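This note's numbering puts the first residue of the sequence shown at 27, with every later residue one more than the last. By construction, the Cβ of each residue, glycine as well, lies at the ideal position given by its N, Cα and C atoms. Quick caveat, the model's predicted, so the values are computed rather than measured. Below: one structure, written as structure tokens.
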Amino acid sequence: MTPSFPAYYRVYTRYWLSRESELIDINLTTNNYILHSFVPSIRSSPPVMAESSGVDTSPISPVERRNSLEKYLQHRPGQQDLKERHILLDTNVAPSLQAAQQELARQKAADSLKKHLEKRPDREDLVERNILPSSTAAPALQAHARELEKHMLADNLEHKIQSRPKPEELIHRGILEEDEDPTRPAQ
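Structure below.
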């Protein structure tokens, strides 16, 4: 597993090999090696990349180097892709003004957020408009409290339906007329 280091740490560690004629840089984040040869016959060759399994000490020809470089350049992500991944800035502003533009955009977003938070309705308003529940129960118990309230309302409604007066009693008290009797068959 490759350790991750904060950006301010030095990423490379250097070691001298074979009587100070070769220098190796080890990238601590990717565990890749770069070998620098200081032998006069190999001095003109560029550093050789090697995997963590071992160090490649053979010099690379300029043609092979160019071909490998072209291969990497062909697979290089496009500018638009880098902008979408927020690696490159998507801006038409001069480089000297880019930092100011970023700070201005950040400040604009902060101001907009602050303005919207000031307009945000308070909790009492939301409870009054039935957007938030008016429960004072703990959040873990609120679902049970709602379920209990629902059952209590159903029981109360059932009790009121059972205790309502019969149509004959309503006719006797003069609330309904004889022809308004719901139990009598329609003519």
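| Asked | Found |
| --- | --- |
| Range covered by the alpha helix (DSSP H) that runs through His142 | Pro121 to Lys145 |
| Lys97 in three-state terms, based on DSSP | helix |
| Spatial distance of His170 from Arg146 (CA atoms) | 29 Å |
| Spatial distance of Ser94 from Leu115 (CA atoms) | 28 Å |
| Residues near Leu143 by beta carbon distance below 7 Å, same chain, minus five either side | none |
| Inter-residue Cα distance where the pair is Val119 and Ala125 | 10 Å |
| Through-space distance from Pro165 to Asp207, alpha-carbon basis | 50 Å |
| Limits of the unbroken alpha helix (DSSP H) element including Lys192 | First-last for Lys192: undefined, no H or E at that position. |
| Per-residue burial, Arg69 [other beta carbons within 10 Å of its own, 16 or more giving buried] | Because Arg69 carries a pLDDT of 42, less than 50, the predicted location of this residue cannot be relied on, and the following value inherits that uncertainty. Flag for Arg69 reads exposed. |
| Where the alpha helix (DSSP H) through Asp151 begins and ends | Arg149 to Glu154 |
| Reference Arg149; option with closest CA among Thr162, Asp205, Pro88 and Gln100 | Thr162 |
| Rounded separation between Tyr98 and Pro159 - CA only | 59 Å |
| Alpha-carbon spacing of Val89 relative to Gln106, whole angstroms | 30 Å |
| Check whether Pro193 and Leu202 have beta carbons under 8 Å apart | yes |
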